[in-house]
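Residues -19 to -1, 1 to 116 in mature numbering (1 follows the signal peptide of the UniProt record, and there is no 0) are what the sequence shown spells out, letter by letter. Each residue gets a CB set at the ideal place from its N, CA and C atoms; glycine is no exception.
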Amino acid sequence: MKLIFFLLLLTFFAAVTNSELFAADRSASVTVINKSKIKLWLSSYELKKGAWETYPPVSIHPWSKGQWKSKSDSILTGTEGGTTYESVHGNFGFYWYVPYYGANLYNSSCPEKYECSCSGGDGSNAEVTFTVRKI
């Protein structure tokens, strides 16, 4: 009986791929809306936790948006990362943390005379929007 159970278990694990077995429990879909006249150029991007599902775009044009997504890549973990975009007026930074336990955290930074607001971002599979505009 134990041998049959063991063989069935091996068959199950052989049939299920690693990505199906350990599907992302947490994810962050990040959108940056650029409501300004300046172009944003990606200068750095990093994940401290998780894996990229969609990478950040190389640039975000004026009056357009950029989107990317990260997800957890192992059991009982979340996703955490950040991007920095350069512009003629300085750097814009965007940070997200969607933990397995606890509250989601978001942060942004922008040069003088610009503001970066944040909306959304609740839940296990968070959708957060950062909006950039000139003050």
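Report back the beta-carbon spacing between residue i and residue j to the nearest angstrom; my notes put them in contact at under 8 Å.
i, j, result
"Thr65", "Ser17", "That pair is no contact at about 16 Å."
"Gly104", "Tyr81", "Actually they do not touch by this definition, with Cβ atoms about 13 Å apart."
So is residue i in contact with chain B if we call contact Cβ pairs under 8 Å?
i, result
"Ile56", "No chain B is part of this structure, which consists of one protein chain only."
If I measure Cβ to Cβ from residue i and keep anything under 6 Å in the same chain, skipping five residues before and after, which residues do I get?
i, result
"Ser10", "Lys50, Glu108"
"Tyr76", "Gly63, Asn88"
"Glu34", "Lys50, Lys52"
"Asn106", "Ser8"
What residue from the options has the CA that sits closest to residue i's CA?
i, options, result
"Cys97", "Lys115, Leu86, Asp103", "Lys115"
"Asp6", "Lys30, Tyr36, Trp22, Leu57", "Leu57"
"Val79", "Pro92, Asp54, Ser68", "Asp54"
"Gly74", "Tyr81, Leu86, Leu23", "Leu23"
"Asn85", "Ser68, Ser45, Ser100", "Ser100"
"Pro43", "Ser8, Val13, Glu61, Asn106", "Val13"
"Ser68", "Ile41, Phe111, Ala32", "Ile41"
"Ser90", "Val39, Glu27, Asn72, Tyr36", "Asn72"
"Ala32", "Val39, Ser8, Gly47", "Ser8"
"Thr112", "Ser45, Pro38, Tyr36", "Ser45"
What is the DSSP secondary structure of residue i, reduced to helix, strand or coil?
i, result
"Ile14", "strand"
"Gly101", "strand"
"Glu93", "coil"
"Arg7", "coil"
"residue 117", "The displayed coordinates of the chain run from -19 to 116. Any statement about residue 117 would go beyond what the structure contains."
"Val113", "strand"
Excluding sequence positions up to five away, which residues of its chain have a Cβ less than 7 Å from the Cβ of residue i?
i, result
"Lys29", "Glu61, Gly62"
Which full runs of the beta strand (DSSP E) of 3+ residues lie inside the region 22 to 85, going along the chain? Within the region 22 to 85, the complete beta strand (DSSP E) runs of at least 3 residues fall at 32 to 35, 45 to 52, 60 to 68, 71 to 79.
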